[in-house]
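This report refers to the structure that appears directly beneath it.
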Amino acid sequence: MLWLLLCILDVLVASFEVTVPNKHLLAIRGHPTVLGCEFTSDPDLSNLVVTWQRQEDARVVHSFYYQQDQLNRQSLKYHNRTSLYVSKLHKGNASLRIAAVRPKDAGWYMCIVSNAKGTGRALMEVTYEGMHAYDEHWR
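The sequence shown begins at 1 in UniProt numbering and counts up by one.
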């Protein structure tokens with residue numbers, strides 16, 4: 001009986017996933033970029049916690065819990081530049097939008113999600129590309 005209970009528990013835990021559609025993203029200077037992150041959804045957002053962090057130093061890029069953005073621990077480098085698609089959280093979308101990308105935005109980002117179904121994390125790399133002179137010429 002205990003074995004059966006452990007198997008069921010293992011299936012429930014294994015059914016929670018956090019994934020990033022692209023492990024690598026090229027961000028263009030001055031343009032917004034979206035770091036995709038998907039998770040096993042739960043329509044009840046009361047237990048949902050979404051945190052985006054920089055992997056290299058655990059700097060908080062964006063946090064959401066208690067059904068609202070929680071930016072008091074957000075790195076000043078991201079102040080007024082990040083947002084989640086809050087209306088899509090119940091569908092399992094924890095994608096992060098960064099407005100006006102800067103060179104220092106390049107690096108590794110971790111999407112960490114927790115809800116009543118479990119906790120998980122996924123990692124992605126953002127590289128930075130400045131606009132080339134010929135690109136400016138054609139604008």
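Idealized CB from N, CA, C, for every residue including glycine.
Would you give the residue range spanned by the beta strand (DSSP E) that Y128 belongs to?
Here the beta strand (DSSP E) through Y128 covers G118 to E129.
Please list the segments of the beta strand (DSSP E) lying wholly inside the UniProt domain "Ig-like" (30-127), counting only runs of 3 or more residues, in order along the chain.
If we require 3 residues or more, the beta strand (DSSP E) runs fully inside the UniProt domain "Ig-like" (30-127) come out as 33-35, 49-54, 60-65, 82-84, 96-98 and 107-115.
May I ask you to report which of helix, strand or coil DSSP gives V20?
In the structure shown, V20 sits in coil (DSSP, three-state: anything other than H, G, I, E or B).
Since I believe V126 is in contact with L35 (beta carbons under 8 Å), could you give me their beta-carbon distance rounded to a whole number of angstroms?
The pair is a contact, with the Cβ atoms about 7 Å apart (cut-off 8 Å).
Among G107, T119, K91 and F16, which residue has its Cα nearest to the Cα of V61?
For the residues G107, T119, K91 and F16, the minimum Cα distance to V61 belongs to G107.
When you compare only the Cα positions, how much space is there between R139 and F16?
For R139, the pLDDT reaches just 46, beneath the cut-off of 50, and the residue's location in the model is therefore unreliable, although a value from the coordinates is still provided. Between R139 and F16, the C-alpha separation is close to 45 Å.
Looking at V18: is its Cβ nearer than 7 Å to the Cβ of V113?
A contact, by the Cβ cut-off of 7 Å.
Going by C-alpha distance, which of L84, C111 and Y65 is nearest S46?
When only C-alpha atoms are compared, the closest one is Y65.
Closest to V121 by C-alpha separation, out of P32, T33, A94 and E129, would be which residue?
Note that residue 121 is Arg in the sequence shown, not Val. The shortest C-alpha separation from R121 is found at A94.
I'd like to know whether the C-beta atoms of K117 and D42 end up nearer to each other than 7 Å.
Result yes, Cβ atoms of K117 and D42 sit closer than 7 Å.
Whose C-alpha, out of T119, N115, C111 and R81, is nearest the C-alpha of G30?
Checked all of T119, N115, C111 and R81; the closest Cα to G30 is R81.
Measuring CB to CB, does R73 end up less than 7 Å from S83?
No, these two residues do not count as a Cβ contact at 7 Å.
Going by C-alpha to C-alpha distance, which of K88, D105, G92 and V86 sits closest to S75?
If we check each option's Cα against that of S75, D105 comes out closest.
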